[in-house]
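Undergrad:
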Amino acid sequence: MFESITMNFLTQPKVVAAVDIFRALQTAATSLKNNLMIFAAAAAVASIVIGGLFFLFGRRGAENGKMHVGYVLMGVGVILAAASIVVSLFGLFGQTPQGL
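For the sequence shown, my numbering gives the first residue as 1129, with consecutive numbering after it.
#1: Does the contact criterion of 3 or more C-beta pairs under 8 Å hold for the segment 1192–1205 versus the segment 1164–1182?
#2: What did DSSP end up calling Q1223 once you bin it into helix, strand or coil?
#3: Use the C-beta contact count for T1214: other C-beta atoms within 10 angstroms, 16 or more gives buried, fewer gives exposed.
#4: Please state the DSSP three-state secondary structure of F1167.
#5: With 16 as the cutoff for other CB atoms within 10 Å, does V1177 come out buried or exposed?
Below you can see the structure in the form of structure tokens.
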């Protein structure tokens, strides 16, 4: 009796549509991640070029350029480490990261 009521509820179109919402959210999150990684790569290259341009402006500009490029490389390292840490945490808890 309870099983038939549960199955009847779970096969209703509204419940099945709710599952599609989670699938759509996962697809949107994956798409957002891919777009942000592309943006991060482009921003890193542009920032390194800007840091290189600082070298044209004398000693103080060269010092600022070195600091700027160092910060950019540190930021790229944080981005790459974050992606690696997420995959490691999935593995630590016995899950496989789908779509990462």
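The C-beta atom is built at its ideal place from N, Cα and C for all residues, glycine as well.
No experiment lies behind these values; they were computed from the predicted model shown.
TA: In short:
#1: yes
#2: Numbered from its first residue, the sequence shown carries residue 1223 at position 95. It is coil, neither helix nor strand.
#3: Locating residue 1214 in the sequence shown gives position 86, where the first residue counts as 1. In the sequence as presented, Thr is not what sits at residue 1214; that position holds Val. Label assigned to V1214: exposed.
#4: The residue given as residue 1167 occupies position 39 in the sequence shown. Helix, per DSSP.
#5: Here residue 1177 is taken as the residue at index 49 of the sequence shown, counted from 1. By the 10 Å Cβ count, V1177 comes out exposed.
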